[in-house]
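First residue of the sequence shown: 1152, per my numbering; consecutive thereafter. Note that the Cβ used here is the ideal one computed from N, Cα and C, for glycine as well. These numbers were taken from a predicted model, which means no experiment stands behind them. Everything on this sheet refers to the single structure shown next.
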Amino acid sequence: MYDFSHYSEHELAANTIRELAMDAVQAAESGHPGTPMGLADLGVVLWKQFLKHNPADPQWPDRDRFVLSAGHASMLLYSLLHLSGYDLSLEEIKNFRQWGSHTPGHPENFKTEGIETTTGPLGQGLGNAVGMAIAERWLAAHFNRPDYEIVDHYTYVIASDGDLMEGVSHESASLAGHLGLGKLIVFYDDNKITIDGSTDLAWSDDVDQRFRAYRWHTQQVNGHDPEALAAAIKSARAESDRPSIIIMRTHIGFGSPHKQDTASAHGEPFGEEEIRRTKENLGWPAEAKFYVPDAAYDYMRPENAEAQQEAWEQMLARYEEAYPELAATYQAALNGVLPESWDQDLPAFAPGEKLATRAASGQVLGTLLPRIPWLVGGSADLTGSNKTKAGEIEALTRASFAGRYIHYGIREHGMGTALNGMALHGGIRPYGGTFLVFSDYMRPTIRLAAMMSLPVIYVFTHDSIGLGEDGPTHQPIEHLASLRAIPNMCTFRPADANETVVGWQVALARKDGPTALVLTRQKLVTLDRGQYAPASGAARGAYVLSDVEVPEVLLLSSGSEVHIALKAQRMLAEKGVQARVVSMPCWSLFEAQPEAYREQVLPAAITARVAVEAAASFGWERYVGDEGRIVALNRFGASAPYERVYEELGITAEAMVEAALALVGD
């Protein structure tokens, strides 16, 4: 229909991407056309010449990972997927940013095949890629054998100015350099434009020197020179002991007479007239809309994808014969299938034993780690406090990627994104620890883990004013409510050591979302399960811990404050008031129970209810109702021994009793 003989094959594919980006954003009347246009040359070079992938099997385990950290440039990725033969039709491109389409404004891995991670919040994709590169190296160290390189692939990332400005990029890049992740290659799109205007407004970093300081391999190239790009990628791939960054000078809105190198090219449709002029300037038919030449498809479809995967599968079959047990473990790790009897004979804690739930968690981990070989943990420089390293578990270092414990340093941002990346890659079940108060640093990554249904486990210790002397800066108040507000998030706060065991069982059995284990610093008495209900009830999110024949009032709590509720129950009994105590370690699990069970635990007819928690009261209203009372904190904590802090701030059994008596009228 049109004559494209004036283009090289590369130019034809790159300008097809530019045309699709302009047309899709214009049709949606919103979006970011300029960055895909500036990155089109890199996209074609990388996907055509280097990326190991198979559109017929987007989940091939040994594929290269491609992460578009600059998620606003989603039309670049959608165009590459479409041109390469993934299940993403031209109709989906035309429905960019529309309800129900597989081309949302920012890439979503649960929406569209071929997308490795959900990106958009800047810096997160770069951090995810670090986790993916860790996973690749860990799996290779554990499962590769001479002549059987069953794990051997690269992780490629496109990062923008915004990605590198965000603080998480510093933590992630520093960690990657420290570990020497040689199969991680980042392309920095140095187009010198942000939404506000030139990057000169707020950005004067020497990116090359910055990444050299992180111990990265650095290069600078013209981002519109295909040969220079290819040479730089080859050089980066040859660098085995350091991650690489390729700093590319590009032009946002490449080819547009009036939009190139302008802020308006970043986040606005060009308008029909400017699109027409841009197409003419690029030698593209001005009247063509959403037009993809057959030659562009022919060029971008991988030539040897199926043959590459078939060769890998044949090697895997030989590997299974040579190393049957190792191969079975590899497949189980990739599939996330827990070993048989993984949760049998877990620690059982004796009644009356005083133990912090963080310490109980450490003992449980000591049993779990030998049973689940791909359970890989770490902590943000709080290993001894979080109790996340159990037994003789080896550390993962640049000298030994086989280790199962990662010292993340004081990098909660970087740890959170790396945990997501490992879970996304597959083959590793990751957990990471820090103080609950520092979950604030990780909130964007936790939110994305929940959005992507990633089975990441967070070990959050020092969970309340029970932290004591460190004072209000380290005492979490609003954090439980914040975590509970995240959809698809399981926030589990156990009342004693045996509920902590159940928490780990819940977390590891869960495959469709993250779990936070929220644990105490202070010691708690292990409850006598001969007197109280079995701890197994905690798996349902809430259960009747201590009951009476005819309850007049319900006492609700989680974690360490369950012990306060039990004391209040005894005090009320002395006053002739019958109270039921309900332990509620995980609200989201309880909400998922059948209505009949929820009514059994919290009968609607009993409106006299008192909740207690050493945290903000927000959220407890749904369980105590309009007539109930909440003993909680609507202020920050204080520095003192924790028993004194509880007393002074009114988180006491006496306060619960007073509230209960007021409700029942005694």
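- The DSSP assignment places no complete run of the alpha helix (DSSP H) inside the segment 1476–1514 (cut-off: 4 residues).
- Arg1721 and Val1610 have their C-alpha atoms some 32 Å from each other.
- Fewer than three Cβ pairs drawn from the segment 1663–1673 and the segment 1518–1525 lie within less than 8 Å of each other, which leaves the two stretches out of contact.
- Around the Cβ of Leu1547, a 10 Å sphere holds 16 or more other Cβ atoms; the residue is buried.
- Contiguous beta strand (DSSP E) elements confined to the segment 1699–1758 occur at 1704–1708 and 1730–1734, taking only those with 3 or more residues.
- Burial check for Tyr1683: the Cβ neighbour count within 10 Å reaches 16 or more, so the residue is buried.
- Taking the CA atoms as reference points, Ser1790 sits about 21 Å from Gly1710.
- An exposed status is given to Trp1250, since fewer than 16 other beta-carbon atoms sit within 10 Å of its beta-carbon.
- As the crow flies, the alpha-carbon of His1417 is around 33 Å from that of Ala1207.
- Assignment of Ile1523 by DSSP, reduced to helix, strand and coil, places it in the coil class.
- Under the rule that a run must span 4 or more residues, the alpha helix (DSSP H) segments found entirely inside the segment 1165–1252 read 1185–1196, 1225–1235 and 1241–1245.
- Taking a contact as a CB-CB distance under 8 Å, the pair Pro1377 and His1161 counts as one, their CB atoms being some 5 Å apart.
- For the set Ser1633, Pro1685, Glu1650 and His1576, the Cα lying nearest the Cα of Ala1510 is the one of Glu1650.
- Between Ala1458 and the set Ala1221, Asp1412 and Lys1203, the nearest pair of CA atoms involves Lys1203.
- DSSP, read as helix, strand or coil, puts Val1808 in helix.
- When secondary structure is reduced to three states using DSSP, Tyr1448 falls in the helix class.
- DSSP places Ser1687 outside any alpha helix (DSSP H), giving it a letter other than H or E.
- Under the three-state reduction of DSSP output, Pro1377 falls in the helix class.
- For Val1443, there is no enclosing beta strand (DSSP E), since its DSSP letter is neither H nor E.
- Under the three-state reduction of DSSP, Leu1605 is assigned to coil, being neither helix nor strand.
- The three-state secondary structure of Asp1154, taken from DSSP, is coil.
- Note on the segment 1617–1663: whole beta strand (DSSP E) runs with a minimum of 3 residues are 1641–1643, in chain order.
- Collapsing the DSSP output to three states places Arg1428 in a helix.
- Within its own chain, the residues whose Cβ lies closer than 6 Å to the Cβ of His1375, once the five positions on either side in sequence are excluded, are Asp1192, listed in chain order.
- Boundaries of the alpha helix (DSSP H) around Arg1795: Tyr1793 to Glu1799.
- Between the beta-carbon of Leu1670 and that of Asp1614 there is about 6 Å, and that keeps the pair under the 8 Å contact cut.
- The Cβ neighbour count for Val1808, taken over all protein chains shown within 10 Å, is at least 16; the residue is labelled buried.
- Closest in alpha carbon position to Trp1493, among Gly1276, Leu1526 and Pro1502, is Leu1526.
- Using a Cβ-Cβ distance cut-off of 8 Å, the segment 1274–1287 and the segment 1315–1335 are in contact, since at least three pairs of beta carbons, one from each stretch, lie closer than that value.
- Beyond the five residues adjoining it in sequence on each side, His1625 comes within less than 8 Å, by CB distance, of Phe1586, Val1588, His1613 and Leu1618 in the same chain, given in chain order.
- In the DSSP assignment, Thr1534 falls within the unbroken alpha helix (DSSP H) covering Thr1534 to Asn1537.
- According to the DSSP assignment, Ser1311 belongs to the beta strand (DSSP E) that extends over Thr1306 to Ser1311.
- Rounded to the nearest angstrom, the gap between the Cα atoms of His1257 and Gly1222 is 5 Å.
- Using a Cβ-Cβ distance cut-off of 8 Å, the segment 1731–1746 and the segment 1794–1806 are not in contact, since fewer than three pairs of beta carbons, one from each stretch, lie closer than that value.
- Look at Arg1366 here: in three-state DSSP terms it is coil, with no helix or strand label.
- Assignment of Ile1384 by DSSP, reduced to helix, strand and coil, places it in the helix class.
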